[in-house]
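> The opening residue of the sequence shown carries number 1258 in this note's numbering; numbering runs sequentially from there.
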Amino acid sequence: PHLVKPLRFEMNPSSESPPRWMMSLGVAMYHLMTAGASKGRPFAKHPSYEDARMNDARFVWELVREARVAGAHASSHTRLESLGEPGQEFMAGGLRDQLTGEVHEVRGRVWINATGPWASEKSGASLRLTRGSHVILRGELPGAAQLFFAPEDGRVLFLLPFVPGYSLLGTTDLDEEAPAAHPVATREEVSYLGRAFQSAFPEYAPWKPVSLQCGYRPLLPSGGRPSQISREEKLLADPDRPLLSILGGKYTTYRAVSERAVDWCDRALGRNGISHPTRTRRFPSGRDLDRLPEAADLDELLSEDVVTLEDLMLRRTPWGYLTEWREFLDLTCAKLGDKGGQQRAWFESRQEKRLEALEAWPEPAK
């Protein structure tokens, strides 16, 4: 419950949106499929439905922590350099620590390739990669999250609560040739989101953009516009090696996909009586997502596998996305000492790239 919060979505009809009756019908069907669990209002002036929001980076960290409790070993900032040839009981792989440059050999009877946008590198399968960008705005939503439609192409967009005092606007959906380690939204994407925002919410137009988020969707190959491609997944077993690749998928189905992958491993190892003990195990309660971490929380945060400034500023906290990031950066570098000082210039250059893209935000209409 501390990681996933209920959130009501309100539809904002416009000349670019489907007819109101169609949106109302969609919300009514959604209500029926959830057996009444979603307390939507399909026939209101602004049809609404209930969903949820989550902090994806925090979710991943807590999932890794719980995996360790269950006996797993987890290592971050590590790259698979090579994967050995089949034919022996154990297949070897070379792992490079990207911070020290050291290479270690690990061996396993089965391997799972769950590397998202990079999954095609070892599987040989093709993916259709799309880029999604969000703009973070200074200003807080009064009430429900908003679903609206871009005036230029009719795509569905969202205005969502982010952290206290800020909102999240997105998302774009553009084809990308290959994944970059540190994607940054383009000026064109920012301008597109800005025009759509100002058209749908002229009363919020003065809200200032302060930062960006950008990531990739690894999708199964398909024709049509990026937004129309299915988010389904595919599990691909290598015919020659004990390697299973997970292609596609999304957060809301990750648990079911993980079960299928682990079941494949058990079968490959000749095990019977497959069980799923974590299916009903609850995460222990943790940090409240509705409260911004403070300087007093730094020592606790730094104990959460923080190795780089980005780990802390973007993955354990949202401070790197907020306007006060320089102040929080000073506190963090003081705690990290020499290590923080060495990383500071690189982190600041990344932040400047975000700010440069935000210069494309359109001025409010007079």
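Just so you know, even glycine gets a beta-carbon here, dropped at the ideal spot from N, CA and C. Keep in mind that this is a model prediction, so the values were computed, not measured.
(1) Measuring only the C-alpha atoms, how far is Ala1407 from Arg1298?
(2) Between Trp1618, Leu1492, Leu1469, which lies nearest to Leu1476 when the distance is taken from Cα to Cα?
(3) For Thr1580, which of helix, strand or coil comes out of DSSP?
(4) When the Cα atoms are used, what is the spatial distance from Gly1480 to Ser1487?
(5) On a CA-only basis, which of Asp1432, Leu1264, Met1268 is nearest Phe1458? Give me that one, please.
(6) Inspect the beta-carbon positions of Leu1426 and Val1392 and report whether they are closer than 9 Å.
(7) Going by beta-carbon coordinates alone, are Ala1382 and Leu1500 separated by less than 9 Å?
(8) Would you identify the three-state DSSP class for Ser1456, choosing helix, strand or coil?
(9) Pair every Cβ in the segment 1557-1576 with every Cβ in the segment 1524-1538, then say whether three or more of these pairs are closer than 8 Å.
(10) Going straight from the alpha carbon of Asp1587 to that of Gly1422, what length do you get?
(11) Taking only the alpha-carbon atoms, compute the straight-line gap between Val1321 and Pro1276 and give it to the nearest angstrom.
(12) Checking 9 Å against the spacing of the C-beta atoms, do Ser1295 and Tyr1287 come in under that value?
(13) Ignore the nearest five residues each way along the sequence and tell me which others in Ala1309's own chain have a CB closer than 7 Å to its CB.
(14) I'd like the list of long-range same chain contacts for Thr1372, defined as Cβ closer than 6 Å, with 5 residues on each side in sequence excluded.
(15) Quick one: what's Glu1307 bridged to in DSSP?
(16) Kindly indicate if chain D contains any beta-carbon less than 9 Å away from that of Ala1494.
(17) Should Pro1399 go down as buried or exposed, given a rule of 16 or more other Cβ atoms within 10 Å for buried?
(18) Determine whether the beta carbon atoms of Phe1604 and Glu1567 lie at a separation below 9 Å.
(19) Where do the N-terminal and C-terminal ends of the beta strand (DSSP E) with Arg1364 fall, by residue?
(20) Alpha carbon to alpha carbon, how far is Val1360 from Leu1571? Give it in angstroms, no decimals.
(21) Once the 5 residues before and after Trp1521 are set aside, which same chain residues still bring their CB inside 6 Å of it?
(22) Taking 9 Å as the cut-off, decide whether the C-beta atoms of Gly1328 and Gly1350 are in contact.
(23) May I have the straight-line CA-CA distance separating Glu1409 from Phe1347, to the nearest angstrom?
(24) Could you have a look at Thr1335 and say whether DSSP puts it in helix, strand or coil?
(25) Please state whether DSSP places Asp1354 in a helix, a strand or coil.
(26) Using DSSP with H/G/I as helix, E/B as strand and the rest coil, what is Asp1554?
(27) Are Leu1417 and Ala1442 touching if we call contact CB-CB under 9 Å?
Reading it off the structure:
(1) For the purposes of this step, residue 1407 is taken as the residue at position 150 of the sequence shown. For the purposes of this step, residue 1298 is taken as the residue at position 41 of the sequence shown. Those two C-alpha atoms are separated by around 23 Å.
(2) Sequence index remark: in the sequence shown, residue 1476 carries index 219 (1-based). Answer by Cα proximity: Leu1492.
(3) Here residue 1580 is taken as the residue at index 323 of the sequence shown, counted from 1. In this structure, Thr1580 counts as coil in the three-state DSSP scheme.
(4) Residue mapping note: residue 1480 aligns to position 223 of the sequence shown, counting from 1. Residue mapping note: residue 1487 aligns to position 230 of the sequence shown, counting from 1. Distance between the alpha carbons of Gly1480 and Ser1487: 10 Å.
(5) As a working note, residue 1458 is residue 201 in the sequence shown. Nearest option by C-alpha distance: Met1268.
(6) As a working note, residue 1426 is residue 169 in the sequence shown. As a working note, residue 1392 is residue 135 in the sequence shown. For Leu1426 and Val1392, yes; Cβs fall inside 9 Å.
(7) To locate residue 1382, count along the sequence shown from 1; it is residue 125. To locate residue 1500, count along the sequence shown from 1; it is residue 243. Not in contact: Ala1382 and Leu1500 (Cβ atoms no closer than 9 Å).
(8) Here residue 1456 is taken as the residue at index 199 of the sequence shown, counted from 1. Reduced to three states, the DSSP call for Ser1456 is helix.
(9) no
(10) Counting from 1 along the sequence shown, the entry for residue 1587 is found at position 330. Counting from 1 along the sequence shown, the entry for residue 1422 is found at position 165. Near 22 Å, if we compare the C-alpha coordinates of Gly1422 and Asp1587.
(11) One-based indexing of the sequence shown puts residue 1321 at position 64. One-based indexing of the sequence shown puts residue 1276 at position 19. If I take the Cα positions, the gap works out to 44 Å.
(12) Mapped onto the sequence shown, residue 1295 falls at position 38. Mapped onto the sequence shown, residue 1287 falls at position 30. Taking 9 Å as the Cβ cut-off, Ser1295 and Tyr1287 qualify as a contacting pair.
(13) Counted from its first residue, the sequence shown places residue 1309 at position 52. Apart from the 5 residues on each side of it in sequence, Ala1309 sits with its Cβ closer than 7 Å to the Cβ of Val1261, Lys1262, Pro1263, Leu1264 in its chain, given in chain order.
(14) Here residue 1372 refers to the residue found at position 115 of the sequence shown. So no residue of the chain qualifies.
(15) Within the sequence shown, residue 1307 is the residue found at index 50, counting from 1. Answer by DSSP bridge pairing, in chain order: Arg1265.
(16) Among the chains of the structure shown, chain D does not appear; only one protein chain is present.
(17) Stepping through the sequence shown from its first residue, residue 1399 is reached at position 142. By the neighbour-count rule (16 or more Cβ atoms within 10 Å), Pro1399 is not buried but exposed.
(18) Here the question's residue 1604 lines up with position 347 in the sequence shown. Here the question's residue 1567 lines up with position 310 in the sequence shown. Yes, the Cβ-Cβ distance between Phe1604 and Glu1567 is below 9 Å.
(19) Stepping through the sequence shown from its first residue, residue 1364 is reached at position 107. That run of the beta strand (DSSP E) goes 1360-1365.
(20) Numbered from 1 along the sequence shown, position 314 holds the residue referred to as residue 1571. Numbered from 1 along the sequence shown, position 103 holds the residue referred to as residue 1360. Rounded to the nearest whole angstrom, the C-alpha separation of Leu1571 and Val1360 is 27 Å.
(21) Within the sequence shown, residue 1521 is the residue found at index 264, counting from 1. Excluding sequence neighbours, Trp1521 sits near Leu1501.
(22) Within the sequence shown, residue 1328 is the residue found at index 71, counting from 1. Within the sequence shown, residue 1350 is the residue found at index 93, counting from 1. Taking 9 Å as the Cβ cut-off, Gly1328 and Gly1350 do not qualify as a contacting pair.
(23) For the purposes of this step, residue 1409 is taken as residue 152 along the sequence shown, with counting starting at 1. For the purposes of this step, residue 1347 is taken as residue 90 along the sequence shown, with counting starting at 1. So the alpha carbons of these two residues sit roughly 54 Å apart.
(24) Taking the first residue of the sequence shown as position 1, residue 1335 is located at position 78. Strand.
(25) What you label residue 1354 is simply residue 97 of the sequence shown in a count that begins at 1. The answer is strand: DSSP assigns Asp1354 an E or B state.
(26) Mapped onto the sequence shown, residue 1554 falls at position 297. Residue state, collapsed to three classes: helix.
(27) Locating residue 1417 in the sequence shown gives position 160, where the first residue counts as 1. Locating residue 1442 in the sequence shown gives position 185, where the first residue counts as 1. Contact flag unset, no.
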